[in-house]
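S.K.: As given, the protein sequences belong to chains S and B, one line each in that order.
So in our numbering the end of the first sequence lands on 733, straight run, no missing numbers.
So in our numbering the end of the second sequence lands on 347, straight run, no missing numbers.
Each residue gets a CB set at the ideal place from its N, CA and C atoms; glycine is no exception.
Before we start, here is the structure in question, set down as structure tokens.
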Amino acid sequence: MPFRIIVLAKQVPDTRNVGKDAMKADGTVNRAALPAIFNPEDLHALELALRIKDQINDAEIVVVSMGPGRAAEIIREAMYRGADRGVLVTDRKFAGSDTLATSYALSLAVKKLAPFNVLIAGRQAIDGDTAQVGPQTAEKLHIPQITYAEELVDVNSKQITIKRRLERGIEVVRSPLPVAITVHSSAPVCRPRNAILVMKFKHARTTTELQEETKDYTELRLYRPYLNIEEWSVEDIQAETEKLGLSGSPTKVKKIENVVLQRKESKAFTADDKDIDLLMQELMASHVIG
Amino acid sequence: MNNVIVYCEITEEGHVAEVSQELLSKGRKLASDLGIKLEAIAIGNKLDNIEKDILPYGADVIHIADDKRLFPYTTLPHAAILLKLFEEIKPEIALFGATSIGRDLAPRVASAMRCGLTADCTSLEIGDHTEAKTNTTYKNLLYQIRPAFGGNIIATIINPDTRPQMATVREGVMKKEFWPAVAKPEVNKLDVAKYVNDEQFVVRIIERHIESQKINIKNAQVIVAGGYGVGSKENFDLLFDLADVLGAQVGASRAAVDAGYVEHERQIGQTGVTVRPKLYIACGISGAVQHRAGMDQASMIISVNTDPNAPINQIADYTILGQVHEVVPRMIKYYRQNSK
Ligand SMILES: Cc1cc2nc3c(=O)[nH]c(=O)nc-3n(C[C@H](O)[C@H](O)[C@H](O)COP(=O)(O)OP(=O)(O)OC[C@H]3O[C@@H](n4cnc5c(N)ncnc54)[C@H](O)[C@@H]3O)c2cc1C
Ligand SMILES: Nc1ncnc2c1ncn2[C@@H]1O[C@H](COP(=O)(O)O)[C@@H](O)[C@H]1O
């Protein structure tokens, strides 16, 4: 039985580079205008998985992502960097899931991959910044959790030792396996794509992607099963539909507002000595300073 | 209706963390609005005098779980205590600091209780909600208001059906306020053995280095803040000089922190500290929404920027069009010459 490391990775809109066209006139987000990327901290999570694999004989890394069909892109990306296989959890019934419903679905997918030794997620996804899915998935699996991992100190078949990054310091903790770990952005960055792995996995596809492709790789996959990115639906993970999507999400969005600038009347000065002196004089006279 | 409860985080020095006191202040108001009680839970070791840190904020009930294994914090025992206590008291609202501890603990508890949790709220209010489809009205829900999508939108989240309504809030977002009424709260010392079992201590802490908070910009009256436009660590020294003469604190944007100009503790904004100074001098800061979220409540804002169209200028009271390294020394010089 290989030592199994599962990495949870999410494809997210790149909210860090939101241009003007990213907001629609009605104040909602135009997702189509944002590039979809590998959630940054999930790449750190993948690197931690790779470092564990480096130290353990016969370890395998399985990437699990829940999302629409195009999220297969990040599973391939993970394979180019060293993941062994991937599962895309995808179904229209997942749409509208909050973190509770998402962690429910992910925990069932992880159970289907059991036994596993280490489950690794990013600390948080940049589209929601909630940092909830990791701990919630751990709870649903009834395993301990180590959040904000920064460094792998030691791992063997029974236990793992991790350095955590906290607000005002660090902590080194040890947990028996299996355990869930969430990875902080201060952890080592992910190693780049490996040319050999890119060659090996470039034709990796989900069944849905295969159907859409003009060239037929079906035969190729018969003798190269690793090119198969599995697709799991609600039925495949045996989820109860009412625990998914909007009905399975206790949090509801009541209202969404665009952030508007409250423009103030301002006094403009130049960098001229005279101007600065004038401003300082005004501030001191009104006792804002001094 | 049941009560509001605040999870009180315990600091290295054995006190209730400021963020928890801020939440007690907010929780007090929510409880009074709803006509219910405010409860507090402190979990740790040697908590003999902990009530003193909670009393001024008007808690009606203080639960204390005191055991040497409960400090430093580890997830599973604290979660187990909260779960059992919540089962007993069935709170209406439960609030946590959005800290390393709160963000580790709250999701674990929410998941076990299958209830909703909203992270990093910037405002909490009470209000009603009518479900359009079923035309059902829910009275007195907790509006959990937070920026979403990288701060580009503000969302109001509610949990109509599940309890408690759970939220985390960052330090500095709520105001710490003493509650004038002096009440004698009920102190409930929990029998820890009934709440946790040995298996919950499987994750062991081998080593810890936690520094006490050195930099505290949250309560500063005057803040000199620098952004990426300051250009270098050396130029940032100018801001420290200005702060020195003005008796101010130095803050920063995330871009300045990421560039390594200053410590992370100085970051102001959505993912940093929220400040409300009398005067905020923004040097070389463009004024992205995420930054403004942490400083737009300053009474007066001065912006020093080479770009007249920088968004920060729209919320500034005074704008200075110019280079930081030219303007700041001039300000220092004038102040030195003219203050008594
Ligand atoms: C989820 C999320 C959370 C975030 N949280 C935060 C947060 O908490 N706090 C935060 O600050 N940011 C946060 N950000 C980042 C934020 O979006 C901006 O990228 C950041 O605030 C920009 O910092 P800045 O204004 O210093 O840099 P820039 O945007 O690069 O602006 C530099 C400014 O300096 C001016 N300038 C250049 N040279 C000079 C000079 N010589 N003299 C004077 N002016 C000059 C330029 O005109 C420009 O206006 C967050 C982003 C995301 C996606
Ligand atoms: N849809 C998803 N598919 C796979 N992993 C996810 C998904 N959503 C969240 N995660 C994981 O949970 C972490 C925290 O996400 P969040 O709670 O949304 O901030 C992410 O960094 C991912 O590792």
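Any Cβ of chain S within less than 8 Å of the Cβ of Phe6/B?
M.R.: Outside the shown range of chain B, which is 8 to 347, sits residue 6/B, and nothing can be said about it.
S.K.: For ligand 2, I want to know if Gly565/S counts as a neighbour, meaning its beta carbon is within less than 7 Å of at least one of the ligand's heavy atoms.
M.R.: Yes; taking the cut-off as 7 Å, the Cβ of Gly565/S has a heavy atom of ligand 2 nearer than that.
S.K.: Do you know offhand how far Glu614/S's Cα is from Leu551/S's?
M.R.: 31 Å
S.K.: Tell me whether Gly236/B is buried or exposed, calling it buried when 16 or more other Cβ atoms sit within 10 Å of its Cβ.
M.R.: With a 10 Å radius around the Cβ and a threshold of 16 neighbouring Cβ atoms, Gly236/B comes out buried.
S.K.: Inspect the beta-carbon positions of Phe712/S and Thr326/B and report whether they are closer than 8 Å.
M.R.: yes
S.K.: Is the Cβ of Gly733/S closer than 8 Å to any Cβ of chain B?
M.R.: Output row for Gly733/S: interface = yes.
S.K.: Do the region 238 to 256 of chain B and the region 655 to 665 of chain S meet, that is, are 3 or more Cβ pairs less than 8 Å apart?
M.R.: no
S.K.: Taking one C-beta from the region 181 to 200 of chain B and one from the region 139 to 152 of chain B each time, how about it: are there three or more such pairs within less than 8 Å?
M.R.: no
S.K.: Using a Cβ-Cβ cut-off of 6 Å (strictly less than) and excluding sequence neighbours within five positions of Trp186/B, which residues of its own chain qualify?
M.R.: Arg35, Tyr64 and Gly65
S.K.: Note down, in chain order, all residues in the region 569 to 603 of chain S with a beta-carbon under 9 Å from any beta-carbon belonging to chain B.
M.R.: Ile569, Asp570, Gly571, Asp572, Thr573, Ala574, Gln575, Val576, Gly577, Pro578, Gln579, Thr580, Ala581, Glu582, Lys583, Pro587, Gln588, Ile589, Thr590, Tyr591 and Val596
S.K.: Do Pro558/S and Ile586/S have their CB atoms nearer than 8 Å?
M.R.: No, the pair does not count as a contact, with Cβ atoms beyond the cut-off.
S.K.: What is the rounded straight-line gap between the Cα of Glu674/S and the Cα of Ile680/S?
M.R.: 10 Å
S.K.: Taking one C-beta from the region 219 to 238 of chain B and one from the region 269 to 283 of chain B each time, how about it: are there three or more such pairs within less than 8 Å?
M.R.: Touching, per the Cβ criterion.
S.K.: In the structure shown, what three-state DSSP assignment does Lys442/S receive?
M.R.: Limits of chain S in this structure are 444 at one end and 733 at the other, which puts residue 442/S out of reach.
S.K.: Taking 8 Å as the CB-CB cut-off, is Leu89/B touching chain S?
M.R.: no
S.K.: Quickly, what does DSSP pair Ile217/B with across the bridge? List them, please.
M.R.: Gly612/S
S.K.: Using the C-alpha atoms, what's the distance from Ile563/S back to Glu803/S?
M.R.: Absent from the structure is residue 803/S, since the part of chain S shown begins at 444 and ends at 733.
S.K.: Run through the region 611 to 655 of chain S for me and flag every whole beta strand (DSSP E) of 3 or more residues, listed as ranges in chain order.
M.R.: List check, beta strand (DSSP E) in window: 612 to 619 and 622 to 626.
S.K.: Going along the region 306 to 319 of chain B in order, which residues come within less than 7 Å of chain S, judged by CB to CB distance?
M.R.: So the close ones are Met307 and Pro318.
S.K.: With respect to the alpha helix (DSSP H) encompassing Asn718/S, which residues constitute its N-terminal and C-terminal limits?
M.R.: Inspection of the sequence shows that residue 718/S is occupied by Asp rather than by Asn. Element bounds for Asp718/S: Asp716 to Ala728.
S.K.: With 16 as the cutoff for other CB atoms within 10 Å, does His424/S come out buried or exposed?
M.R.: Residue 424/S lies beyond the range of chain S shown here (444 to 733); nothing can be said about it.
S.K.: Taking C-beta pairs closer than 8 Å, name the residues in chain S that Cys290/B reaches, listed in chain order.
M.R.: Here the premise fails: no neighbours, minimum Cβ distance about 12 Å.
S.K.: Report yes if the C-beta of Asn312/B is less than 7 Å from at least one heavy atom of ligand 1; otherwise report no.
M.R.: Indeed, a heavy atom of ligand 1 lies less than 7 Å from the Cβ.
S.K.: With distances taken between CB atoms, is the gap from Val696/S to Ala162/B smaller than 8 Å?
M.R.: Yes, the pair counts as a contact, with Cβ atoms nearer than the cut-off.
S.K.: Is Asn242/B near ligand 2, going by C-beta to nearest heavy atom under 7 Å?
M.R.: no
S.K.: Distance, Cα to Cα, Gln228/B vs Ile288/B?
M.R.: 11 Å
S.K.: What three-state label does DSSP hand Met509/S in the structure shown?
M.R.: Residue state, collapsed to three classes: strand.
S.K.: Quick check on Pro318/B: does DSSP put it in helix, strand or coil?
M.R.: coil
S.K.: Can you tell me the Cβ-Cβ gap for Val269/B and Tyr342/B, rounded? I've got them flagged as a contact below 8 Å.
M.R.: Actually they are not in contact, since the Cβ atoms of Val269/B and Tyr342/B sit about 22 Å apart, beyond 8 Å.
S.K.: At what residue ranges does the region 491 to 538 of chain S contain a whole run of the beta strand (DSSP E), taking only runs of 3 or more?
M.R.: Complete beta strand (DSSP E) runs here, min 3: 502 to 509 and 528 to 532.
S.K.: Taking Cβ-Cβ distances shorter than 7 Å, what residues in chain B pair up with Asn701/S?
M.R.: Ile160
S.K.: Going straight from the alpha carbon of Gly291/B to that of Arg447/S, what length do you get?
M.R.: 49 Å
S.K.: Below 7 Å between beta carbons is the criterion; list the residues of the region 703 to 715 of chain S that meet it against any residue of chain B, in chain order.
M.R.: Leu704, Gln705, Arg706, Lys707, Ser709, Lys710, Ala711, Phe712, Thr713 and Ala714
S.K.: Which of the three DSSP states, helix, strand or coil, is assigned to Arg667/S?
M.R.: coil
S.K.: Strictly below 7 Å CB to CB, what residues from chain S border Ile275/B?
M.R.: The contacting residues do not exist; Ile275/B stays about 15 Å from chain S at best.
S.K.: Rounded to the nearest angstrom, how far is the Cβ of Asp67/B from that of Glu193/B, given a contact under 8 Å?
M.R.: 7 Å
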